[in-house]
Ligand SMILES: Cc1cc2nc3c(=O)[nH]c(=O)nc-3n(C[C@H](O)[C@H](O)[C@H](O)COP(=O)(O)OP(=O)(O)OC[C@H]3O[C@@H](n4cnc5c(N)ncnc54)[C@H](O)[C@@H]3O)c2cc1C
């Protein structure tokens, strides 16, 4: 059977297993008859453990299991499976509930009114609050790929090579980016969708880019535009055209990794997934293996029991927040004392800044939630800047446009262990976001000079956001805390393969595609060289 057919077969098998697990409400998922762990006096045993099921964890799981390595994937969040026959698996943006937000009873989106509901649960989106930065992340099977904006541009070559002079960009460009694009399914907006009323705001943005002399950018999206087209024609339930995106997309328009990489890994028969399973700490045993201490959560996210899982190979892929929390804690509590002191360092927020501007013209009341266009501002004197035309889909004609900028900002923070809290916390200076704000201000000045209008202060107190990020990156940076393939310095068979690999920036674009391409590159090398 050729590779593509084999991948499709495994994906199909895995999708059925995920569907069955969702229907039965079980938090241990595998192919029928596939029980990977044996239970010992000390806990379960398996060959490899992957912590976290976002981009890095999903790719690690697929590449390990297709090589025949028995793997257990641990995910603290819940499985939300849209193929299980219920069409309202995710909460809606307009009427969120416990499924929307991690263990809170009010919304934490950066814009719009605060909405409340009763109860708390393991919802898909989390906001982790540190002193000078609020970090958004996905917390469910599929991690950030379930909640993200699905913008998957490729890093700019010069900016990427500045970050990693030792990784040939051509290798990513020729091999790893196309591989990820092929598996996830990525394309730019078709003209008929851009021409629809839902993307009037994007069309206005393109005209403004041209008027101001910026490059026009068509953002590659990890979405199925055919489904969005069907939404527009009224033949499927609306989601992208009905304000939904950040709490998950019920009609399948978002190609999240629980719909491609993860089922393909499950379909090998070598993967067991344990959801609602939060990793608390990691210890090196005398025989060289790792012991992973986990808390099992119930459907309401309440801790019910603890257990350990022992493995030879440990992949920490819990996203930049989760991986730093786990590894810095393990080092500072003496469980992994030889871990590099560089773990936790060189963390950044990809220069994120957001702003709204009044434009004195209609931009559309109903705005498609997946951003599809942007402004390339490469001659910004403060460094190359990409501004993406984000929607503000509240069903009203606001005559304002929202932009998300990825700016060059060299300010970095670090994760340090707080003994009192028993937790690693992010330390970032209060003025770390200033260069990003200035970059965004340069953009706003130029686009307003060319098109009229003014900064809209409705969205952010000072006009430009200064305290949150969607793009946490770093802490276990390639070539610093690990080798160039994610082998963490200090311990054999310990790997970190996720957004922590990137030094706070990602080559001037949103990070998920580059995290994925690097993860593919890491796993290719690891599987070839470390598993005989
Ligand atoms: C609202 C939003 C919009 C975004 N939009 C975009 C976009 O359009 N384009 C883009 O490129 N990027 C976007 N991002 C960022 C993108 O989602 C992340 O860069 C990406 O998901 C990071 O991948 P990762 O592999 O590092 O980990 P993640 O995808 O963050 O996955 C980590 C997983 O580990 C789990 N985990 C954490 N701690 C533990 C633990 N202790 N035990 C067990 N499991 C644990 C988490 O629940 C999560 O499922 C967005 C993010 C958010 C929040």
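In our numbering, the protein residues as written are 58 to 589.
Beta carbons: idealized from backbone N, C-alpha and C, even for Gly.
**Report entry** Whole-Å CB distance - residue 554 paired with residue 406, under 8 Å assumed
**Finding:** Counting from 1 along the chain shown, the entry for residue 554 is found at position 497. Counting from 1 along the chain shown, the entry for residue 406 is found at position 349. Their Cβ separation, rounded to whole angstroms, is 20 Å, which puts residue 554 and residue 406 out of contact at 8 Å.
Practice prompt. Along the beta strand (DSSP E) that carries residue 67, what are the first and last residues, could you check?
Written response: Locating residue 67 in the chain shown gives position 10, counting from the first residue. Segment 60-81 is the alpha helix (DSSP H) holding residue 67; no beta strand (DSSP E) there.
Self-check item: Closer than 7 Å: residue 303 CB and nearest ligand 1 heavy atom
Solution: Counting from one through the chain shown, the residue named residue 303 turns up at place 246. Result yes, Cβ under 7 Å from ligand 1.
- request: To the nearest angstrom, report how far apart residue 546 and residue 212 are at their CA atoms.
  value: Position 489 of the chain shown, counted from the start, is the residue given in the question as residue 546. Position 155 of the chain shown, counted from the start, is the residue given in the question as residue 212. C-alpha separation (whole angstroms): 26 Å.
For this session: May I ask you to report which of helix, strand or coil DSSP gives residue 440?
Result: Here residue 440 corresponds to residue number 383 of the chain shown, with the count starting at 1. In the structure shown, residue 440 sits in coil (DSSP, three-state: anything other than H, G, I, E or B).
Might you give, ordered along the chain, the residues of its own chain that have their beta carbon closer than 6 Å to the beta carbon of residue 259, omitting 5 neighbours on each side?
-> Here residue 259 refers to the residue found at position 202 of the chain shown. If we look at residue 259 and ignore the five residues flanking it on each side, its Cβ neighbours are 429, 430 and 446.
How would you call residue 529, buried or exposed, if buried means at least 16 neighbouring beta carbons within 10 angstroms? As a first step, residue 529 must be located in the chain shown, where it is residue number 472. Residue 529 is buried by the Cβ-count criterion.
Nearer than 7 Å: is that true of the beta carbon of residue 89 relative to any heavy atom of ligand 1?
Taking the first residue of the chain shown as position 1, residue 89 is located at position 32. No; taking the cut-off as 7 Å, the Cβ of residue 89 has no heavy atom of ligand 1 nearer than that.
Segment limits, beta strand (DSSP E) that includes residue 183
In the chain shown, residue 183 corresponds to position 126, counting from 1. Segment 182-186, the beta strand (DSSP E) holding residue 183.
For this session: Verify whether the separation of the beta carbon atoms of residue 348 and residue 474 is less than 8 Å.
Result: By one-based count along the chain shown, residue 348 stands at place 291. By one-based count along the chain shown, residue 474 stands at place 417. No, the Cβ-Cβ distance between residue 348 and residue 474 is not below 8 Å.
So, at 6 Å on beta carbons, what are the nonlocal neighbours of residue 576 in its own chain, with the 5 sequence-adjacent residues on each side left out? To locate residue 576, count along the chain shown from 1; it is residue 519. Closer than 6 Å at the Cβ level, and outside the excluded window around residue 576, lie 113, 116 and 554.
Just reading off the alpha helix (DSSP H) that residue 377 is part of, what are its end residues? In the chain shown, counting from the first residue as 1, residue 377 sits at position 320. 376-389 is the span of the alpha helix (DSSP H), which, as asked, contains residue 377.
First through last residue of the beta strand (DSSP E) which encompasses residue 324
Looking up residue 324 in the chain shown gives position 267. Residue 324 -> no beta strand (DSSP E), and no H or E assigned at all.
For residue 399, which residues of its own chain have a beta-carbon under 6 Å away from its beta-carbon, when the five flanking residues on both sides are left out?
-> Sequence index remark: in the chain shown, residue 399 carries index 342 (1-based). Answer for residue 399: 537 and 538, listed in chain order.
Option in 188, 60, 582 and 68 with minimal Cα separation from residue 324:
Looking up residue 324 in the chain shown gives position 267. Closest by alpha carbon: 68.
Burial state of residue 176 (16 or more Cβ within 10 Å)
For the purposes of this step, residue 176 is identified with residue 119 of the chain shown, where counting begins at 1. Residue 176 should be labelled exposed.
- Message: On the DSSP bridge list, what partners appear for residue 179?
- Response: In the chain shown, counting from the first residue as 1, residue 179 sits at position 122. Residue 179 is bridged to 159.
Please name the residue, chosen from 361, 330 and 451, that lies closest to residue 132 on a Cα-to-Cα basis. For the purposes of this step, residue 132 is taken as the residue at position 75 of the chain shown. Checking every option, the nearest Cα to that of residue 132 belongs to 330.
| With distances taken from CA atoms, which of 74, 287 and 126 is nearest residue 140? | Position 83 of the chain shown holds residue 140. It is 74 whose Cα lies nearest to the Cα of residue 140.
Take residue 363 and list the residues in its own chain whose beta-carbon comes closer than 6 Å to its own, dropping the five residues that flank it on each side.
As a working mapping, residue 363 is identified with position 306 in the chain shown. So the qualifying residues of the chain are 352.
Q.
Going by C-alpha to C-alpha distance, which of 574, 107, 422 and 544 sits closest to residue 129?
A. Your numbering for residue 129 matches position 72 in the chain shown. Selected option, being the one with the closest Cα: 107.
May I ask which residues mark the beginning and end of the beta strand (DSSP E) holding residue 360?
One-based indexing of the chain shown puts residue 360 at position 303. Here the beta strand (DSSP E) through residue 360 covers 360-373.
**Item:** Identity of the residue in 437, 425, 217 and 582 nearest residue 566 by Cα
**Value:** Within the chain shown, numbered from 1, the residue matching residue 566 stands at position 509. Considering only alpha carbons, the answer is 217.
Proximity to residue 340 [Cα-Cα], best of 471, 478, 308 and 385 = Numbered from 1 along the chain shown, position 283 holds the residue referred to as residue 340. The shortest Cα separation from residue 340 among 471, 478, 308 and 385 belongs to 385.
Using the DSSP secondary-structure output, state which residues sit across from residue 431 in a beta bridge.
Position 374 of the chain shown, counted from the first residue, corresponds to residue 431. Paired residue(s): 274 and 445.
Identify the residues that DSSP records as bridge partners of residue 535: which are they?
If you number the chain shown from 1, residue 535 lands on position 478. DSSP, once it has assigned bridges, lists 539 as partnering residue 535.
### Message
What does DSSP give as the partner residue(s) for residue 472 in the beta ladder?
### Response
Reading the chain shown from its first residue, position 415 is the one you call residue 472. Answer is 483.
C-beta contact flag for residue 163 and residue 171 at 8 Å: If you number the chain shown from 1, residue 163 lands on position 106. If you number the chain shown from 1, residue 171 lands on position 114. Yes; because the gap between Cβ atoms is below 8 Å, this pair is in contact.
* Which residue comes first and which comes last in the beta strand (DSSP E) that contains residue 553? -> On the chain shown, residue 553 is found 496 positions in, with the first residue counted as 1. Start and end: 551-553.
**Asked** Does ligand 1 have even one heavy atom less than 7 Å from the beta-carbon of residue 348?
**Response** Position 291 of the chain shown, counted from the start, is the residue given in the question as residue 348. The answer is no for residue 348.
| message | Tell me whether residue 336, by its Cβ, gets closer than 7 Å to a heavy atom of ligand 1. | response | One-based indexing of the chain shown puts residue 336 at position 279. Yes, the beta carbon of residue 336 sits closer than 7 Å to at least one heavy atom of ligand 1.
| request: With hydrogens ignored, establish whether the beta-carbon of residue 623 is closer than 7 Å to any heavy atom of ligand 1. | output: Since the first and last residues shown for the chain are 58 and 589, residue 623 lies out of range.
Next on the checklist: I want to see whether chain D comes within less than 8 Å of residue 431, judged by CB atoms only; does it?
Outcome noted: Although the question refers to chain D, the structure presented lacks it and comprises just one protein chain.
In whole angstroms, what is the alpha-carbon distance linking residue 305 and residue 343? Here the question's residue 305 lines up with position 248 in the chain shown. Here the question's residue 343 lines up with position 286 in the chain shown. Spanning the two alpha carbons is a distance of roughly 43 Å.
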